[in-house]
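Residue numbers (our numbering): 2 to 524. Where a beta carbon is used, it is the ideal one built from N, C-alpha and C, also for glycine. What you are looking at is a predicted structure, and each value in this text was computed from that prediction instead of being measured.
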Ligand SMILES: NC(=O)c1ccc[n+]([C@@H]2O[C@H](COP(=O)([O-])OP(=O)(O)OC[C@H]3O[C@@H](n4cnc5c(N)ncnc54)[C@H](O)[C@@H]3O)[C@@H](O)[C@H]2O)c1
Ligand SMILES: N[C@@H](CCC=O)C(=O)O
């Protein structure tokens with residue numbers, strides 16, 4: 002709980018589940034069985050207090066077993082998006098007046114309920130997103146963390162002048178308070194279908210805003226489960242309006258809408274830039290500049306010098322490149338290794354990769370499917386491009402299974418300007434480049450339009466100091482993998498074309514969804 006003997010308990014991350022323990026294994030299997038009984042159900046839109054079933058549906062399928070339908074989710078058209086906007090606008094008038102501590106309570110309660118049903122939420126992601134158990138468990142843990150963390154943050158910010166203590170002068174009482182912005186559109190991606198959806202939505206809501214939540218089209222069921230949870234804890238109707246639908250249809254419509262005060266987006270560079278551009282146009286009747294928070298793609302990498310622990314470096318390269326099939330914005334899709342140890346590290350990487358078994362996520366194979374046909378086709382294309390840009394040393398094609406399975410693929414001796422070194426593939430494809438020394442390796446690392454995550458492996462302190470300064474990315478790690486940021490520990494967000502560096506899970510994040518009001522009273 003939040004309060005212990007009247008004092009706020011310190012935030013701690015939700016622990017990950019150890020699935021080598023029999024009881025945890027059984028609990029996860031039971032959760033999967035329970036969830037399987039609920040497959041194929043229909044889910045409504047949530048517009049204010051209305052539950053709206055539309056004829057048009059998003060058909061969500063299991064990417065690891067494509068004949069299995071996870072659920073059919075109602076799909077909003079512009080008409081329903083308009084109704085949702087009206088509901089959100091109306092509710093904003095009352096929600097903004099709810100004391101911040103009360104708003105935070107909804108998040109604390111939801112975090113607690115999610116904790117109790119942790120494996121069930123993870124099971125939905127195993128089936129809908131193709132995550133293995135550990136990846137799904139980490140996603141659920143992060144969702145719980147976001148709610149706990151942002152609730153605490155709202156309580157902290159609501160204490161007047163705490164964030165920015167004001168200089169005192171005689172004859173005046175001055176206060177700085179953080180007030181909400183208005184109605185926001187929340188647009189999460191599918192790859193962290195619970196954590197990122199929950200984090201983006203609850204940050205906006207706990208700050209006193211109301212939202213239109215448009216989930217990703219491939220993972221709408223897990224988003225619907227989150228919205229149901231918020232209803233269960235009694236969040237007032239109209240605070241979260243749930244409107245799955247086409248990005249190009251309602252997405253474009255909403256991002257241009259004059260009543261939208263802010264857009265919170267996480268997804269690809271292409272869509273993020275489109276939203277940023279549309280949001281910058283002032284629509285008729287619009288009386289503000291829209292705030293855009295856009296967290297976008299990455300072309301992250303791991304640099305290894307000759308002094309590094311080579312086994313640790315190889316393990317980190319494999320985990321970062323192939324965890325969740327490389328479908329993380331933080332994925333280490335580039336390894337840049339100095340020539341003295343290039344062959345040794347590459348051999349280690351190949352050996353570890355050859356041990357990765359691919360198969361059904363519900364059976365907890367290390368490597369599962371990619372998300373859908375479009376991704377599958379795109380990644381296969383990149384594999385072919387890669388074969389012309391270096392040497393194929395592992396994988397390179399489809400893998401067995403009734404779904405979108407691909408082999409973990411490694412292309413070696415790739416030149417820095419190659420497409421597979423520059424473009425985000427978002428799949429299990431690792432490009433390996435050779436550098437003459439650690440300085441050149443850092444130059445190659447920085448030679449990208451993105452700037453999200455990176456790692457530097459070395460035992461040399463002087464080099465580590467220089468790498469800390471020179472490697473230009475939002476989340477830089479030393480001697481560890483470049484994925485797996487923890488809420489509160491590693492605030493997350495990137496530079497350049499990786500986005501607005503909003504640092505989700507950090508102490509500044511809620512400020513993005515508030516405006517600071519200074520009041521000065523003469524006494
Ligand atoms: N930087 C981060 O924190 C972070 C985290 C996770 C994922 N990502 C990035 O997300 C991408 C993968 O996710 P994705 O495939 O869901 O991305 P995407 O850009 O295709 O879609 C993201 C969301 O935008 C919606 N959308 C599509 N067109 C739209 C439009 N015109 N207007 C409004 N919304 C629209 C989609 O329906 C989805 O909900 C990768 O590039 C990955 O790197 C970044
Ligand atoms: N925050 C996650 C990545 C989120 C994007 O996909 C990590 O640090 O691995």
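Coarse secondary structure for residue i, derived from DSSP in three states
i: residue 1; result: Because the chain here runs from 2 to 524, residue 1 falls outside it and cannot be looked at.
i: residue 12; result: coil
i: residue 351; result: helix
i: residue 307; result: coil
i: residue 196; result: helix
i: residue 395; result: strand
i: residue 502; result: coil
i: residue 518; result: strand
i: residue 497; result: helix
i: residue 464; result: helix
i: residue 255; result: helix
i: residue 329; result: coil
i: residue 365; result: coil
i: residue 6; result: For residue 6, the predicted model reports a pLDDT of 46, less than 50, meaning its position is unreliable; a value from the coordinates is still stated below. The answer is coil: DSSP assigns residue 6 none of H, G, I, E or B.
i: residue 242; result: strand
i: residue 249; result: helix
i: residue 110; result: helix
i: residue 212; result: strand
i: residue 381; result: helix
i: residue 20; result: coil
i: residue 1; result: The structure shown does not extend to residue 1, since the chain is modelled only from 2 to 524, so the question has no answer here.
i: residue 388; result: helix
i: residue 523; result: strand
i: residue 457; result: strand
i: residue 128; result: helix
i: residue 1; result: Limits of the chain in this structure are 2 at one end and 524 at the other, which puts residue 1 out of reach.
i: residue 230; result: helix
i: residue 119; result: helix
i: residue 508; result: coil
i: residue 407; result: strand
Minimum Cβ-Cβ distance from residue i to chain C less than 9 angstroms
i: residue 383; result: Note that chain C does not occur in the displayed structure, where there is just one protein chain.
Whole-number beta carbon distance between residue j and residue i, since they are thought to touch under 8 angstroms
i: residue 309; j: residue 514; result: Residue 309 to residue 514, Cβ: 41 angstroms. No contact.
i: residue 395; j: residue 351; result: 6 angstroms
i: residue 40; j: residue 72; result: 7 angstroms
i: residue 81; j: residue 55; result: 7 angstroms
i: residue 428; j: residue 132; result: With a Cβ gap of about 15 angstroms, residue 428 and residue 132 do not count as contacting.
i: residue 215; j: residue 252; result: 6 angstroms
i: residue 49; j: residue 238; result: 5 angstroms
i: residue 496; j: residue 475; result: 5 angstroms
i: residue 46; j: residue 78; result: Contact flag wrong, Cβ pair sits at about 10 angstroms.
i: residue 147; j: residue 300; result: That pair is no contact at about 25 angstroms.
Practice problem: Identify every run of the alpha helix (DSSP H) within the region 411-448, keeping only runs that are complete inside it and at least 4 residues long; order them along the chain. | Solution: 420-423 and 439-447
Exercise. Could you pull out every unbroken beta strand (DSSP E) segment of at least 3 residues lying fully inside the region 24-103, listed in chain order?
Key: 42-44, 46-48, 51-53, 58-63 and 66-75
Quiz item: Which residues have a Cβ closer than 6 angstroms to any heavy atom of ligand 2, listed in chain order?
Solution: 192, 193, 329, 330, 331, 484, 485, 486 and 493
Practice problem: Just list the alpha helix (DSSP H) runs in the region 257-305, keeping only unbroken ones of 4 residues or longer that don't cross its boundaries, in chain order. | Solution: DSSP runs (the alpha helix (DSSP H)) wholly in the region 257-305: 270-281.
Exercise. Check whether the region 189-209 touches the region 98-113, counting contact only when three or more Cβ pairs, one atom from each stretch, lie closer than 8 angstroms.
Key: yes
Practice problem: Please confirm if the region 224-241 is in contact with the region 288-302, defined as three or more CB-CB distances below 8 angstroms between the two stretches. | Solution: no
Exercise. Kindly provide the ranges of any beta strand (DSSP E) runs that are 3 or more residues long and lie completely inside the region 135-197, ordered along the chain.
Key: Contiguous beta strand (DSSP E) elements confined to the region 135-197 occur at 173-181 and 184-188, taking only those with 3 or more residues.
Exercise. Assess, as a yes-or-no matter, whether the region 482-494 is touched by the region 328-337 under the definition of 3 or more beta carbon pairs within less than 8 angstroms.
Key: yes
Practice problem: Report yes or no: do three or more beta-carbon pairs, one from the region 493-513 and one from the region 345-360, lie closer than 8 angstroms? | Solution: no
Quiz item: If we count Cβ pairs, one from each stretch, closer than 8 angstroms, do we get three or more for the region 210-229 versus the region 78-96?
Solution: yes
Quiz item: Pairing CB atoms from the region 261-277 with CB atoms from the region 408-421, are three or more of them under 8 angstroms?
Solution: Contact fails between the region 261-277 and the region 408-421, because fewer than three Cβ pairs, one in each stretch, are under 8 angstroms apart.
Exercise. Count the C-beta pairs between the region 58-68 and the region 127-142 that are closer than 8 angstroms, then say yes if the count reaches three, no if not.
Key: yes
Quiz item: Touch check for the region 240-259 and the region 138-148: three-plus C-beta pairs under 8 angstroms?
Solution: no
Practice problem: Inspect the CB distances between the region 14-29 and the region 112-122 and report whether three or more fall short of 8 angstroms. | Solution: yes
Quiz item: At a cut of 8 angstroms, does the region 146-158 reach the region 505-524 through at least three beta carbon pairs?
Solution: yes
Exercise. Pair every Cβ in the region 378-388 with every Cβ in the region 332-339, then say whether three or more of these pairs are closer than 8 angstroms.
Key: no
Quiz item: Does the pairing of the region 283-291 with the region 317-325 give three or more beta-carbon distances under 8 angstroms?
Solution: Proximity of the region 283-291 to the region 317-325 falls short of the contact definition, fewer than three beta-carbon pairs being nearer than 8 angstroms.
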